[in-house]
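Here is the structure we will look at, set down as structure tokens.
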Amino acid sequence: MVSYLRLSTPCYLHSYWLFNSISKVVFESGCDCISLSGGIDTSVIAAIAASIGLKPKAYITIYKDGLPKDITYAEHVSRSLGLKLKYVFLDRIKAQRIAEKVVNCVGEEQLRSHSDGGCVELRNDVVFYSTLEEAFRDGCSCVLLGSGGDELFAGYKFMLGLSRTELEETIEKMVRGRFPELQIARCIGVKVIAPLLDE
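Per numbering that gives the first Met the number 0, the sequence shown starts with residue 0, numbered consecutively.
Now the structure itself:
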């Protein structure tokens, strides 16, 4: 992988390259749906899709008994871009049922390999499973994902303290790592495209 951190070109050229690369992947994907959390990763992909004339149907999963902070952002993005937003609601019973499906799909051993016993991944995977399952039921031919943004653009707090070399090595390793949402999509049988993970 080219070390983009070391290129001495102006930022606007990097943004131009990034926009064109993502636009090409999004356009060629033919995706008619997007998993829209309202975070920067999915919001940028949704904005790029809209800028090239695509209007993917957006999905967000919300836990009924929680405080859905993301919903405000997802609603703002979808409204601003003219995208239809579908809410997928989770309650405790549905979350437990989907958690079992996630464990069957991803594997208990894989979940337990994390230092927290897989709690964070399982929580995130339940959300992805709910979203992708609903999109599949609705007949989406393909779903755009924002996967890879934090890994590619040093979005994790621990990355801020790394040296340039350590950061480049960490990014290289993480973007080629495991993304459970891609595995979940295969289990459900829905096609997904993660433009930020495309070469």
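Beta carbons are placed, not taken as given, at the ideal position from N, Cα and C, and that holds for glycine.
Proximal residues to residue i (C-beta, below 8 Å), its chain only, five neighbours per side dropped
| i | result |
| --- | --- |
| D149 | D40, Y155 |
| K63 | F88, L89, D90 |
| G147 | D40, V174, F178, A193, L195, L196 |
Simplified DSSP assignment, three categories, for residue i
| i | result |
| --- | --- |
| Y58 | strand |
| L89 | strand |
| L159 | helix |
| L166 | helix |
| L121 | helix |
| V1 | Bear in mind that a pLDDT of 46 at V1, under 50, signals an unreliable position, so the model cannot answer this. |
| L84 | strand |
| L131 | helix |
| E198 | coil |
Residue span of the beta strand (DSSP E) that contains residue i, given as start and end
| i | result |
| --- | --- |
| I33 | 32 to 34 |
| K23 | Looking at the DSSP string, K23 is not in any beta strand (DSSP E); the run it does join, the alpha helix (DSSP H), is 10 to 28. |
Counterpart residues of residue i in DSSP-defined beta bridges
| i | result |
| --- | --- |
| L143 | I33, I192 |
Assigned exposure category for residue i - 16 Cβ within 10 Å defines buried
| i | result |
| --- | --- |
| T164 | exposed |
| L199 | Residue 199 is absent from the model: the chain starts at 0 and stops at 198. |
| G37 | buried |
| I97 | buried |
| S79 | exposed |
| L9 | In the sequence as displayed, the identity of residue 9 is Pro instead of Leu. Burial call: exposed. |
| E27 | exposed |
| E108 | exposed |
| S77 | buried |
Proximal residues to residue i (C-beta, below 6 Å), its chain only, five neighbours per side dropped
| i | result |
| --- | --- |
| C104 | I183, C186 |
| V24 | P194, D197 |
| P67 | I61 |
| K83 | K56 |
| I51 | S22, F26 |
Enclosing alpha helix (DSSP H) for residue i [first to last residue]
| i | result |
| --- | --- |
| L151 | 148 to 151 |
| S80 | Here the sequence assigns Leu to residue 80, which means Ser is not the residue at that position. Here the alpha helix (DSSP H) through L80 covers 69 to 80. |
| I187 | 179 to 187 |
Beta-carbon contacts of residue i that lie in its chain and below 7 Å, excluding the five residues immediately before and after
| i | result |
| --- | --- |
| I47 | F18, I21, S22, V25 |
| F135 | I187, G188, V189 |
| L161 | T169 |
| K100 | Y128 |
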